[in-house]
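The block underneath contains the structure these notes are about, expressed in structure tokens.
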Amino acid sequence: MGGKQSRGFSSKELNEGSVRQRSKSSSRDGQPSLSSAAERFRKHTTVHFGYNTLSLAMRALVETPSELWELREVQKLNLSMNCLSSLPPALGALDNLVILNLWGNNLSSLPVEISLLKKLRVLFACRNRLSEVPEELGRCTRLEVLSLANNQITGLPNSLGAMHNLTKLNLSHNRIVHIPTCVYSMKGLVFLQLACNRLETIADQIQDLVNLKILIVEGNSIHSLPKTLCFLESLELLNVDFNDLQNVPVELYLLSRLGRLACHPMDKGLHIIHNPLLKPIKEVLQGGLSALYNYLKPT
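The following block contains the structure:
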């Protein structure tokens, strides 16, 4: 802060620089040294919220400059809103990465070398063209936040079940028919977003996510809710808007932290509009959540 601001890289420099510098990366003893282009990248790193940060967002990059992977000290890397269709295996060299933002590119896959990023805690790979996730991602067991929204994903590898530190998982706007089995092993989940997929059911194993506070499954084709969902005592927001629900489990009254019927998408409470609810549930809901609970509670 308060220091002299250096000129940013132009898109042309970023896309051509790596070719120009490739032949200048050897030291006198024949061992690899930090190239001059890599040194220029280093000058553009900043400390942001305690992380060594490099942002190359919105630079029209079609490929990543090879010198980037020399900067092992980078902890937060932003490559969002470019034109990247792939990432090289060299990504694994940045083994100090804590936050990686790949949002808004054209990525059809992630390199298996992502498994080498053992310190990674946040991965944003939303708004790409991913149809699958590499099994090796499951080795990033320190991940706390994972966003794969707005892709073409149909499932996740079972290896991701090892992500016991994961608290937030966003899989919205994909092509998922069944909640991936590995999700039920992510016992630390607090936030689970599955809106706008192709879900028809929720498995009984949902009860295993005992720390879950927010569950969003709006915009699917879910026709019933398992009663085990009602055992998630920490649940504060349940969004089942725009599904095919005709009824609700009688145990729903156990979800005491929902508190009210909600309308705004992120308001805490129960979101249940635009479902073909049968009588008398539809009429009871006009009295609010307390009326519904009173109706469901056993006499």
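Everything in the sequence shown is counted per UniProt numbering, starting at 1 for the first residue and increasing by one.
A virtual CB, placed ideally from N, CA and C, is assigned to each residue, including glycine.
The model shown is predicted, which means the values in this text are computed figures rather than measured ones.
For Leu148, I'd like the list of residues in its chain whose CB is within less than 6 Å of its CB, leaving aside the five on either flank, ordered along the chain. Ala125, Leu171
Lys168: first and last residue of the uninterrupted beta strand (DSSP E) it sits in: 168-170
Comparing alpha-carbon positions, which option in Arg127, Glu39, Tyr51 lies nearest Ser80? Arg127
Using 10 angstroms around the beta-carbon of Lys43, count the other beta-carbons present and answer buried if the total reaches 16, otherwise exposed. exposed
List the whole-angstrom C-beta distance separating Leu110 from Leu94, where the pair is believed to meet the contact cut-off of C-beta under 8 Å. The Cβ separation is near 14 Å, so there is no contact.
CA nearest to the CA of Gly188, picked from Val47, Ala162, Ile202, Asn197: Ala162
Among residues of its own chain, excluding the 5 on either side of Lys168, which ones have a beta-carbon nearer than 6 Å to its beta-carbon? Val145, Phe191
Alpha carbons only, please: which of Lys118, Lys213, Ile214, Leu229 is nearest the one belonging to Thr201? Leu229
How is the alpha helix (DSSP H) around Ser36 delimited, first residue to last? 36-43
Quick check: the Cα distance between Cys196 and Ile216, rounded to an integer number of angstroms? 10 Å
In terms of DSSP beta bridges, what is Leu54 paired with? Leu77
In chain order, what residues of the same chain lie with their CB nearer than 6 Å to the CB of Asn239, ignoring the 5 residues before and after it? Ile216, Glu218, His271
To the nearest whole angstrom, what separates the beta carbons of Cys83 and Leu61, a pair I think is in contact under 8 Å? 6 Å
Nearest-angstrom Cα distance between residue 318 and Ile273? Residue 318 is absent from the structure shown; the chain starts at 1 and stops at 299.
Contact check, residue 303 vs Leu107, beta carbons under 8 Å: The structure shown does not extend to residue 303, since the chain spans only 1 to 299, so no value can be given for it.
Own chain, CB closer than 6 Å to Leu245, minus 5 neighbours either side, in chain order: Asn275
Between the C-alpha atoms of Thr45 and Arg121, what's the straight-line distance to the nearest angstrom? 20 Å
Cutting at 8 Å between CB atoms, please list the residues of its own chain near Thr299, excluding the five before and the five after it. none
How many angstroms separate the CA atom of Lys282 from the CA atom of Lys119? 49 Å
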